[in-house]
Amino acid sequence: VEDVILGPLLEAFLSYLRSRPLRLVILTPDVDVVQRRESGRDKVAYGTRWSPAQLDAVLRAETPRIGLWLDTGELTPEQTVDEILRRRDEALLSSPDPAG
């Protein structure tokens, strides 16, 4: 799943997922990086309802510190994938169910 699920809603959302193993990766570039990237895109990712600064504030103040939090501010997309794969054990929330 790829989406923006922040704050207390994150744990509620995760409780509905039954697939195992379950990993969580949260990308955490600085707001300035997000705004710079957003300005260079053809489409608008954030719309008019939320700003990158508002989402970042909720992320950092209200989102549980679980899974892998990865600052991607200085990483290319390819480097981001490599880092996620290298650190995948840090993203593990639950192991495969031994009962099947």
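Position in the sequence shown (first residue = 1) + 1426 = the working numbering. Positions of the beta carbon are idealized from the N, C-alpha and C atoms, including for glycine.
Nearest-angstrom Cβ-Cβ length linking residue i and residue j, presumed shorter than 8 angstroms
i       : j       : result
Gly1493 : Arg1449 : 7 angstroms
Leu1501 : Glu1509 : 6 angstroms
Leu1481 : Thr1454 : Not really, about 11 angstroms apart at Cβ, beyond 8 angstroms.
Backbone CA spacing between residue i and residue j [nearest angstrom]
i       : j       : result
Val1430 : Arg1512 : 23 angstroms
Ala1479 : Thr1498 : 16 angstroms
Ala1487 : Pro1522 : 30 angstroms
Ala1504 : Asp1456 : Position check: residue 1504 holds Glu in this sequence, whereas Ala was assumed. Their Cα atoms are separated by approximately 19 angstroms.
Thr1506 : Val1451 : 11 angstroms
Val1442 : Glu1464 : One detail in the question is off: residue 1442 reads as Tyr in this sequence, not Val. Computed Cα separation, rounded: 31 angstroms.
Cross-strand partners of residue i (DSSP beta bridge)
i       : result
Pro1445 : The question names Pro, but residue 1445 is Ser in the sequence shown. DSSP lists no partner for Ser1445.
Leu1518 : Arg1449
Extent of the continuous alpha helix (DSSP H) to which residue i belongs
i       : result
Asp1508 : Pro1503 to Arg1512
TODO: Identify every run of the alpha helix (DSSP H) within the stretch 1449-1501, keeping only runs that are complete inside it and at least 4 residues long; order them along the chain.
DONE: 1457-1465 and 1478-1488
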